[in-house]
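Residue numbers (my numbering): 45 to 111.
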């Protein structure tokens, strides 16, 4: 995307061409904490409730079949 050592275009010029701020180019994300990663895993693996499943099925118009 942006080449630090571009022979013709400075970093400022490249950032302008891409319509991003120079600080966005230098920004390094901090990452997620172990606590947040654990909460995300827990939420992803949590089973959805029956009423939520029924609501989703109705919204996308799927027929409900008995178990």
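Backbone N, C-alpha and C fix where the C-beta goes; we use that ideal spot for every residue, glycine too.
Check	Outcome
Which whole runs of the alpha helix (DSSP H) in the segment 70-105 are 4 residues long or more, in chain order?	78-89, 94-103
By how many angstroms is the C-alpha of residue 72 removed from the C-alpha of residue 54?	20 Å
Which first and last residues belong to the alpha helix (DSSP H) in which residue 60 is found?	55-62
Write down the C-beta distance between residue 112 and residue 69 rounded to the nearest angstrom, noting that I regard them as a contact closer than 8 Å.	Not covered by the structure: residue 112. The range shown for the chain is 45 to 111.
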